[in-house]
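First the structure, in the form of structure tokens, and then the observations on it.
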Amino acid sequence: MKLSPLDIRHHEFPGKFGGYDRPSVRQFLTDVAEELEELLQERQAMQERTQELERRIEEMKTQEDEIRRTLVAAERMGHDLRETAARESEVILAQANVFRDAIHNDAQARSTELEAAHQSRISALELAFRGRFADLEREQHQLILERERAQAERMADLERIFSDRHSDLTARLASARQEYAQFLSGYRALVSSFGELSARHILPEESAPLERPTLPTTPLPTIEPGLPELPAAPEARGPDVQGPDAQVPPRIEEQQFL
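One point on numbering: in my numbering, the residue at position 18 of the sequence shown is 55, and numbering is uninterrupted.
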């Protein structure tokens, strides 16, 4: 008896006292029906898959025959191609040898031509270098001459400026010496007069030692920077008030200012 899932779901059992629980039996029948339905679907799918595989096997058998025929034809074509390739390779090899010889000859000719052009270029560059080097030597010599001329002119200007400045400073120094001598002479005369006046107006019992007047320092004319400066005027004392520690004013030598 062949049952379907629908038959199992709707199957009715006769009632009997003390029988099985109806809901449990119904649930079991439902589960069995679903399981059977799944199995039937799987079997149907397997049958369809089997049919598909059988169809593909037939197709593959047909393709196998075609492949065999194709292989035979390919072997025949391969043999023909090998023979044709051998003949063509011999022809290509011969052409390549001819082309190689032509390239070799052309390369040799080109190399000879380039070598000649290279030597010519080297000669031209050497001549240009020698000419340029000679020009540079002349320019350098001219620059050296111009520099020496400029240095000589500069030295002459400096010597002239130094000579003018030396003459000016010498004149100023002579004037300063003269002014200093005049000042010293006047100061000594003033100190001498002061001593005489003091001796006349002071009584013998009231006489006291005179204070030693100090010679005020008078700055000499300023000498411009870069040359020796004149020494400051020393303190001079009169002939009547000079003590044991009095110093004679130093003599100004001309060598100090040259």
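Ideal Cβ positions, reconstructed from N, Cα and C, are used throughout, including at glycine.
Taking a 10 Å sphere around the C-beta of Leu210, we find 16 or more other C-beta atoms and assign the residue as buried. Here DSSP, grouped into helix, strand and coil, assigns Asp172 to helix. Between the alpha carbons of Ile94 and Glu75 lies a distance of about 28 Å.
With 16 or more neighbouring CB atoms inside 10 Å of its own CB, Ala70 falls in the buried class.
Leaving aside the five residues that flank Phe166 on each side, none in its chain has a CB nearer than 6 Å to its CB. Distance between Ala123 and Leu130, taken at the CA atoms: about 10 Å. DSSP places Asp138 within a helical segment (H, G or I) once states are collapsed to three.
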